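Using the numbering used here, the letters of the sequence shown correspond one by one to residues 289 to 700.
By construction, the Cβ of each residue, glycine as well, lies at the ideal position given by its N, Cα and C atoms.
Fair warning: this is a prediction, and the values are worked out from it, not measured in the lab.
The structure appears right after this line, and notes come after that.
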Amino acid sequence: MHDHRKLGRELELFDTDPLIGTGLPYWLPAGAAVRHALEEYLRQLERLAGYQHVYSPVLAKRELYEMSGHWSHYRDGMFPPMELGGEQVVLRPSLCPHHALLFRSRGRSYRELPIRLAELGGQYRAELSGVLGGLTRVRAMQLNDAHIFCTPEQAADEARAALAMIRQAYAALGIEPVRYRLSLPGPGSQGGGGKYVGDPGSWEKAAVMLAGILDDSGLDWEAEEGEAAFYGPKIDVQVADASEREATLSTVQVDFYQPGQFDLRYSGADGARHRPVMVHRSVLGSMERAVAYLTERHGGAFPDWLAPEQLAVLPVTGAQGQAAASVARLATERGLRARVAGPEAGTLNRRIRSSRLVPYLAIIGEREAAADQAALRLRGGRRLPPRPADEIVAGIAVHAARCRTDLWDGEP
Ligand SMILES: [Zn+2]
Numbered sequence: 289m290h291d292h293r294k295l296g297r298e299l300e301l302f303d304t305d306p307l308i309g310t311g312l313p314y315w316l317p318a319g320a321a322v323r324h325a326l327e328e329y330l331r332q333l334e335r336l337a338g339y340q341h342v343y344s345p346v347l348a349k350r351e352l353y354e355m356s357g358h359w360s361h362y363r364d365g366m367f368p369p370m371e372l373g374g375e376q377v378v379l380r381p382s383l384c385p386h387h388a389l390l391f392r393s394r395g396r397s398y399r400e401l402p403i404r405l406a407e408l409g410g411q412y413r414a415e416l417s418g419v420l421g422g423l424t425r426v427r428a429m430q431l432n433d434a435h436i437f438c439t440p441e442q443a444a445d446e447a448r449a450a451l452a453m454i455r456q457a458y459a460a461l462g463i464e465p466v467r468y469r470l471s472l473p474g475p476g477s478q479g480g481g482g483k484y485v486g487d488p489g490s491w492e493k494a495a496v497m498l499a500g501i502l503d504d505s506g507l508d509w510e511a512e513e514g515e516a517a518f519y520g521p522k523i524d525v526q527v528a529d530a531s532e533r534e535a536t537l538s539t540v541q542v543d544f545y546q547p548g549q550f551d552l553r554y555s556g557a558d559g560a561r562h563r564p565v566m567v568h569r570s571v572l573g574s575m576e577r578a579v580a581y582l583t584e585r586h587g588g589a590f591p592d593w594l595a596p597e598q599l600a601v602l603p604v605t606g607a608q609g610q611a612a613a614s615v616a617r618l619a620t621e622r623g624l625r626a627r628v629a630g631p632e633a634g635t636l637n638r639r640i641r642s643s644r645l646v647p648y649l650a651i652i653g654e655r656e657a658a659a660d661q662a663a664l665r666l667r668g669g670r671r672l673p674p675r676p677a678d679e680i681v682a683g684i685a686v687h688a689a690r691c692r693t694d695l696w697d698g699e700p
C-alpha cells in the first residue's frame, strides 16, 4: 500500500503549515472534493435510514464535560480550558454531550423514539506533537457521528442497523477491514473510581447485546479487553494503514451511562417517565482518517464517484479545444468534476499518462469533434469506440451517482 502522506502531496489533497501547527492539516481543492463527495454520500445514507442532521458548537463550558464524565476520565486527551468572562470553556473531545442536550431540549414521548441525531462535526484531541502525522493523527478532526436515543427494547435493532450501514458504506467505498472487534473494559475495573464508569450490570448487558449482533451478522470477530470507551463497550471496525498499523475506522456503542448523567427521560405508554438508551455510532469515523485510509487503499485511484477529477477531456490538437470545452461544461452541469487537458500540457500520450488516476478520459480528435462525439478511455487503459459526447457524460453521471467501486463500461 502507498503512504497517504506521500500521495497526499503528489495529488495535492492536503498539507500542513508550521504557522497553523502540527496535527492541523488543511484540505486543498482536490482533497476537499473527495471529502465533500464522502460527506454527501454519508448524509444521503443517513437520511435514507431515518437520521436527522443537526449542528452544535465545538466549544462548551467545562461543566458539560464534568457531567458527561469526560473531564474525569478523558482530561488528558482534552485541550486545556480557556478563561472567558469568569467561565471556563473547552474545545469538545466528543459530540455526545451536545446531542444529549439536544434530546432534552424538550419533553419526549415514546412515540417519537428512536430519535436519530447525526452531525458531521469538529472534535479536538490534545495529541502530543511526537505522534502526529498526515491525516491519521490530528488535533482537530471532523467526525461523522450520530446518537440514537431509543427505548431499551429498541437498542439492539438500532445497533444492528448501524452495523449494516457501516458494511453498506464499505461496499461502496471498497473498504476492507482487517477485523471486527468487540472492545471490552480491562478486567475488574468497571464501576466506582476506576478507568470506567457505570455499574457492572449495564456493562454486561451492553456487551452481551453487541456480541449477539456480531454473531448474527455472520462476521468473524474477536473480543479484546481494555479497548472499551470509559462509558461502555463498543464494536470497533479495524483497518490497517500502509505500514500495517491498525486503527479504528467505525464504531457502534450501546450506552446506558450518559443518559443517566444527563437525566434523559421520555414518557412511556404507561404515562411514567423512562430512561432512554444512547447508541453512539460512526460509519466512517473522522473525515481525516477515512480519506487517509481511502487514499492508501486505492493508491489515489479513487472510485469514480469519489475521484477529485472524474473526467478529463483531451482534445488531440488545439483545433478541438472548443469541442473539448463544451464537453467539460456539459459534464460540470451534470454535477461531475471535469477538466480539459489541452495540448499546452504536452503530447496526447503524455497527457494520458499524467491523467492515469482519473477514472475517465474523453479523447476528441478531428472526426469526433465534427460529429459531437468522443472516444472514452477508462482508467487502466480500456478503450471504448467513439459515441455521442452527451451519452458519455450521461452514462458517467448516472454510474457515479450509484456510488460503486467499478467504472462505467459504456452499458446503459
Ligand atoms: Zn457519542
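Looking at the unbroken beta strand (DSSP E) that takes in Asp433, where does it start and where does it end?
-> Here residue 433 corresponds to residue number 145 of the sequence shown, with the count starting at 1. Here the beta strand (DSSP E) through Asp433 covers 428 to 438.
Is it true that the CB of Ser356 sits closer than 8 angstroms to the CB of Gln279?
-> Here the chain has residues from 289 to 700 only, and residue 279 is not among them.
Look up Lys349 in the DSSP assignment and say whether it is helix, strand or coil.
-> As a first step, residue 349 is located in the sequence shown; it is residue number 61 there, counting from the start. Correct three-state label for Lys349: strand.
Go to Trp509, then tell me how far its alpha helix (DSSP H) extends in each direction, as first and last residue.
-> As a working mapping, residue 509 is identified with position 221 in the sequence shown. Note, Trp509: premise wrong, no alpha helix (DSSP H); beta strand (DSSP E) at 509 to 513.
Extent of the continuous beta strand (DSSP E) run through Glu407 | Locating residue 407 in the sequence shown gives position 119, counting from the first residue. Note, Glu407: beta strand (DSSP E), 403 to 412.
Inter-residue Cα distance where the pair is Pro385 and Tyr458 | To locate residue 385, count along the sequence shown from 1; it is residue 97. To locate residue 458, count along the sequence shown from 1; it is residue 170. Near 28 angstroms, if we compare the C-alpha coordinates of Tyr458 and Pro385.
For the 8 angstroms Cβ check, are there 3 or more pairs between the segment 500 to 510 and the segment 552 to 562?
-> no
With distances taken between CB atoms, is the gap from Ala626 to Leu599 smaller than 8 angstroms?
-> Sequence index remark: in the sequence shown, residue 626 carries index 338 (1-based). Sequence index remark: in the sequence shown, residue 599 carries index 311 (1-based). It is a contact, given that the beta carbons lie within the stated cut-off.
Tell me which same chain residues have a C-beta within less than 8 angstroms of the C-beta of Ser490, skipping the five on either side of it?
-> Walking along the sequence shown from the start, residue 490 turns up at place 202. Gly520, Phe544, Tyr545.
Please look up how many angstroms separate the CB atoms of Pro603 and Ala611, rounded, as I've assumed it's under 8 angstroms.
-> Here residue 603 refers to the residue found at position 315 when the sequence shown is read from its first residue. Here residue 611 refers to the residue found at position 323 when the sequence shown is read from its first residue. About 7 angstroms separates the two Cβ atoms, so the contact holds.
Which full runs of the beta strand (DSSP E) of 3+ residues lie inside the segment 571 to 642, going along the chain?
-> 599 to 603, 626 to 628
Near ligand 1, which residues have their beta-carbon closer than 5 angstroms to a heavy atom?
-> With the criterion CB distance below 5 angstroms from any heavy atom of ligand 1, the matching residues run Cys384, His568 along the chain.
Inside the segment 337 to 397 only - beta strand (DSSP E) runs reaching at least 3 residues | If one requires a minimum length of 3 residues, the beta strand (DSSP E) runs lying completely within the segment 337 to 397 are 347 to 349, 370 to 372, 375 to 379, in chain order.
Quick one: what does DSSP say Asp503 is sitting in, helix, strand or coil?
-> For the purposes of this step, residue 503 is taken as residue 215 along the sequence shown, with counting starting at 1. Note: Asp503 maps to helix in three-state DSSP.
Take Asp660 and list the residues in its own chain whose beta-carbon comes closer than 7 angstroms to its own, dropping the five residues that flank it on each side.
-> Taking the first residue of the sequence shown as 1, we reach residue 660 at position 372. For Asp660, where only same-chain residues beyond five positions count, the Cβ hits under 7 angstroms are Pro676, Ala677.
For the alpha helix (DSSP H) holding Gln456, just list the boundary residues, first then last.
-> Numbered from its first residue, the sequence shown carries residue 456 at position 168. Counting along the chain, the alpha helix (DSSP H) containing Gln456 begins and ends at 443 to 461.
Opposing strand residues paired with Phe550 [DSSP bridges] = Sequence index remark: in the sequence shown, residue 550 carries index 262 (1-based). Bridge partners of Phe550: none, in fact.
Met429 versus Glu415, Pro440, Asp291, residue with shortest Cα-Cα distance | The residue you call residue 429 lines up with position 141 of the sequence shown. Among Glu415, Pro440, Asp291, the Cα nearest to that of Met429 is on Glu415.
Cβ shell of Leu569 (< 6 angstroms), same chain only, five flanking positions each side left out | Taking the first residue of the sequence shown as 1, we reach residue 569 at position 281. Sequence inspection shows Arg at residue 569; the Leu mentioned does not correspond to that position. Only Ala434, Ala450, Val540 meet the Cβ criterion.
Is Asp678 helix, strand or coil when you go by DSSP?
-> On the sequence shown, position 390 is the one that residue 678 refers to. Correct three-state label for Asp678: helix.
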